[in-house]
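Read top to bottom, the protein sequences are chains A and B. Going by this note's numbering, the first sequence opens with residue 6, and the numbers climb by one from there. Going by this note's numbering, the second sequence opens with residue 38, and the numbers climb by one from there.
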Amino acid sequence: MRTHVMVDPLTRIEGHLRVEVAVDREEVVEARVGATLYRGFEQILQNRDPLDAVQLVQRFCGVCPTAHAVASSQCLDNALGLVPPDNGRIIRNLIQGANYIQSNVLHFYHLAVLDFARGPDVPPFVPRYEADYRLPKATSEALIAHYVQALHIRLKAHEMSAVFSGKMPHCASVVPGGVTVVPEVDKITTFLWRLKELRDFVTDVYLPDVMTLGEVYRDYWEIGIGCRRFLSYGAFDQDANPDVTKRSRFFRMGRVAGDGVEPVDARAITEDVTASWYRSASGLHPSAGETDPEVGKAGGYTWLKAPRYGGEVYEVGPLARAMVAHAAGTGSAHAKLLHDCMSHARVSVDQLASVMGRHLARAVETKVLADAMADWVLEITLDQPVAVDHHIPDEGAGVGLWDASRGALGHWIGIRRGKIGRYQAVVPTTWNASPRDARNRPGAIEQALLGAPVKDADNPFAVARIVRSFDPCIACAVHLVTPGGRLLGKVRVV
Amino acid sequence: MGPYGFTRRDFLRWAAAATAVTPFNEEFLPRLGTALEGAVKEYPLIWMQVSACSGCSVSVINTIHPSIKNVILDQILPGHQLFLNYHSTLMAATGRRSTDMALETARKYKGKFIYIVEGAVPTREDGAYGTLGEEDGKPVTMLEWVRRLAPDAMAVLTVGTCAAYGGIAAAAPNPTGCKGVGEVLTAAGITTPVINVPGCPCHPDWFIGTVARVLLYGLPSAREVDEYGRLKIYFGKSIHARCIHRDDLDEGIFAEHFGQTGCLLEIGCKGPFTMGDCPLRQWNSGVNWCINANAPCMGCTEPGFPDKHSPLYQRR
């Protein structure tokens, strides 16, 4: 017998999300993911000074504003023909890198851990799903103690970012052409000391905690598989090649859809609106994207668009970056640590496409990134420029492709008469939480939910664990609006 | 007995049980210890994000004194404890269990709970652009939530410029008809006191200080807040009045390009038109602030932000 279950709101994510699943014989057989807020940022950005975009787009999301700042300034760099000096490139990397650590630590301890470890019986730890807490008491209590410790650690990561960005969240110093902040030795010193504390935490606490969780919840290496196609734009520029696809990046740009790494061609990205409430044409490239809402459009069930690459569904995020690093060979620190952790956990690369795999990929990249940042900060040259000057053309276009902590983030701008004529952002959660497309293929999270065990419809904890493993960020997914009606028929609201 | 119905005996039993296990209970022992003295005042809290980016929540958890552990798990002030009954990003509960918790808190602690709103309220098409949970098969709009919970609250605190004045969510052409909470409540004839704690994001000290003001001394009097509902202790002077670049201004040293030092007026600084104590307080544990990073002030604490201050990088 099919039971329909709806979880609304799915908490402990950024923003407002609802998930509906159909359950048959204790397994999810169909899933639809919708979001319940529309903000209309593309409309807000139109006709403004192009420089202002870098500040306004950060307000997509207070958890990952730095990613939007960097993607937007790279988009403007591209449109304005700017190449930031080395100091500008490095400082942008440090601002964003510190926030990667902040975001990944916050995701694991403050958004995900409570799905596995029972907190004390006071708000905000109660109420909760009362099922499937398997950790030994001491381990569970240690995880909750680390939850508290991680509050301090993520604060330190924010401080590191603010040392160069002015403040966090919503950094002030990232601009087209580079950054505004002038590096000084005391900034570098204070950054290094905080980084040391973070590296110790990631090495001694975060990564071991993820490995422990993976040992106890071994079935979660098989749950939440997804579409098995992975896309990464890469992040953290190591050179200043004007062609972004040829730029060397610490996390590589690439696609994995079988063996080996395939190149990324931004022209292959389209947005399908078959199941989305837009009257705009389906399958447009984001640079020509339209956002023309049609409430209650027939056949639609969400206002989230469905981005596709070459027509295919892709997963983005830490797992995608890990898959690209792994497929590219064992040379990188990223691939090496991933390999070591997989051996230690006795899991194959196929099993990485899972709830536990996503948590592991996030912890692994946090460690290798934090280690690398200790070198980057010493590459800053005092008394050298941090930005190049800009000139706004009457007409122009640009693209910024950059991986946020949650995955592939693309910004596209069209400049008309010296103002923003068109601005589109295709964000990680739009990829992962996308709805069905013209070929009726579900999005990445919808696919990952298939087969999820749901024994008790009142406690669909596996559903919550799967969705949270993607670290959805709904405020970022700017096209979203409330699905006004039923998605699947009569549902049980839990 | 506190609002949670804990008796002194409950606390004794709990404390005895807690001492038997390690390690995390140690984290909570200080609270139990003071609770035993019978002096702890407890305040249920509903913190609701509406058309928001979560940036204000993320900023507030950067508080250092008190630490965020104090704020959400222990006591925000010695003898005063908040219970975070609803916060969608932090709470363990999900789905209807979470929204039921908000409704139950409002019912059970009528007139006693603090209602914190983060983000602006979408009002166009009767609030259809933002919903949270559902009731009787229909999504409940954020507008409805605010209208429903605010009348029963002891006070409403708006966290951030969006909640206070509409902010970036309400920037032209304001596609979703976003408004600040005060404006929404006035339109609905709801008279619960509203205190605005603006900023994009809100500084953790401004939030904690405003809460402490209410807990220790009650609601601020009219002379303690300005015409925009902000506490004057934080928003009584302009950024410009206490700027670190006043000497540059006096000597005529102006930055003309990004990355140059000097007074930032020519590249768009809105410090003269913006109230706030950033030059003294600074951000992120005092490591930096916008102007100290050579970035012009954008006027993020002001009603009308961002439109009133746009273009951001041109002299007003």
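Quick reminder that beta carbons are idealized off the backbone N, C-alpha and C, glycines included. Predicted model, so just to flag it, every value in this text is computed and none were measured.
{"Item": "Report yes if the CB atom of TYR22/B is closer than 8 Å to the CB atom of GLY313/B, and no otherwise.", "Value": "The structure shown has nothing for residue 22/B, since chain B only spans 38 to 353."}
{"Item": "Any beta carbon of chain B sitting closer than 8 Å to that of SER77/A?", "Value": "no"}
{"Item": "To which residues of the same chain is ILE100/A closer than 7 Å at the C-beta, ignoring the five residues directly before and after it?", "Value": "THR71, SER166, PHE169, SER170, CYS176 and VAL179"}
{"Item": "Looking only at its own chain, which residues have a Cβ that is under 7 Å from the Cβ of GLY124/A, when we skip the five neighbours before and after it?", "Value": "PHE130 and ILE149"}
{"Item": "Check whether the Cβ atoms of ARG234/A and VAL318/A lie closer than 8 Å to each other.", "Value": "yes"}
{"Item": "Closest to ARG470/A by C-alpha separation, out of ILE228/A, GLY86/A and LYS142/A, would be which residue?", "Value": "ILE228/A"}
{"Item": "For chain B, is any of its Cβ atoms less than 8 Å away from the one on VAL432/A?", "Value": "no"}
{"Item": "What runs of the alpha helix (DSSP H), each 4 residues or longer, lie entirely inside the stretch 420–445 of chain A?", "Value": "433–437"}
{"Item": "Using the three-state DSSP reduction, which class does LEU15/A fall into: helix, strand or coil?", "Value": "coil"}
{"Item": "Closer than 8 Å between beta carbons: that is the criterion. Which residues of the stretch 8–19 of chain A meet it against chain B?", "Value": "MET11, VAL12, ASP13, PRO14, LEU15, THR16, ARG17, ILE18 and GLU19"}
{"Item": "DSSP three-state label for THR275/A, please.", "Value": "strand"}
{"Item": "Between LEU317/B, VAL248/B and ALA89/B, which lies nearest to HIS26/B when the distance is taken from Cα to Cα?", "Value": "Past the edges of chain B, shown from 38 to 353, lies residue 26/B, and the structure says nothing about it."}
{"Item": "What residue does the beta strand (DSSP E) around VAL508/A start on, and which one ends it?", "Value": "With chain A covering 6 to 499 only, the question about residue 508/A has no answer from this structure."}
{"Item": "Return the residue from the list ALA36/A, ALA392/A and VAL249/A that minimises the CA-CA distance to GLU293/B.", "Value": "ALA392/A"}
{"Item": "Classify MET335/B as helix, strand or coil using the three-state DSSP reduction.", "Value": "coil"}
{"Item": "Who are GLU25/A's beta bridge partners in DSSP?", "Value": "MET11/A and ARG37/A"}
{"Item": "Less than 8 Å separating the beta-carbons of PHE310/B and GLY273/B?", "Value": "no"}
{"Item": "Kindly identify the DSSP beta-bridge partner or partners of HIS124/B.", "Value": "TRP84/B"}
{"Item": "What runs of the alpha helix (DSSP H), each 4 residues or longer, lie entirely inside the stretch 181–247 of chain A?", "Value": "190–206 and 212–221"}
{"Item": "Express the C-alpha separation of ALA89/B and CYS232/A in angstroms, rounding to a whole number.", "Value": "30 Å"}
{"Item": "Does chain B have any CB closer than 8 Å to the CB of TYR43/A?", "Value": "yes"}
{"Item": "Measure the alpha-carbon distance for CYS26/B versus GLU264/B and round it to whole angstroms.", "Value": "Only positions 38 to 353 of chain B appear in the structure, and residue 26/B is not among them; the question remains open."}
{"Item": "Express the C-alpha separation of ARG139/A and ILE49/A in angstroms, rounding to a whole number.", "Value": "48 Å"}
{"Item": "Taking the C-alpha atoms as reference points, what is the distance between LEU218/A and ILE106/A?", "Value": "20 Å"}
{"Item": "If we ignore side chains and look at the alpha-carbon of each, how far apart do ASN445/A and TRP417/A end up?", "Value": "27 Å"}
{"Item": "For the alpha helix (DSSP H) holding VAL196/B, just list the boundary residues, first then last.", "Value": "Premise fails: VAL196/B lies in the beta strand (DSSP E), 192–196, not in any alpha helix (DSSP H)."}
{"Item": "With DSSP as the reference, identify every bridge partner of ASP408/A, one or two as the case may be.", "Value": "ALA413/A"}
{"Item": "Nearest by alpha-carbon distance to GLY448/A: which of ASP91/A, VAL210/A and ILE230/A is it?", "Value": "ILE230/A"}
{"Item": "Roughly how many angstroms separate the alpha carbons of HIS395/A and LEU85/A, rounded to a whole number?", "Value": "7 Å"}
{"Item": "From what residue to what residue does the alpha helix (DSSP H) around ILE153/B run?", "Value": "Not the alpha helix (DSSP H): ILE153/B falls in the beta strand (DSSP E), residues 151–155."}
{"Item": "Less than 8 Å between CB atoms is the rule here; does GLY296/B satisfy it with respect to chain A?", "Value": "yes"}
{"Item": "Distance cutoff 8 Å, beta carbons only. Does TYR350/B sit that close to anything in chain A?", "Value": "yes"}
{"Item": "Taking the runs of the alpha helix (DSSP H) that are 4 residues or longer, which of them lie wholly in the stretch 202–289 of chain B?", "Value": "218–224, 241–254, 269–272 and 283–288"}
{"Item": "To be precise: take each residue of the stretch 160–172 of chain B, compare its Cβ to all Cβ atoms of chain A, and keep it if any distance is under 7 Å. Which residues remain?", "Value": "ALA165, TYR166, GLY167, THR168, LEU169, GLY170 and GLU171"}
{"Item": "Inspect the beta-carbon positions of ALA190/B and VAL251/B and report whether they are closer than 8 Å.", "Value": "no"}
{"Item": "Are PRO343/B and ILE205/B close, meaning C-beta to C-beta below 8 Å?", "Value": "yes"}
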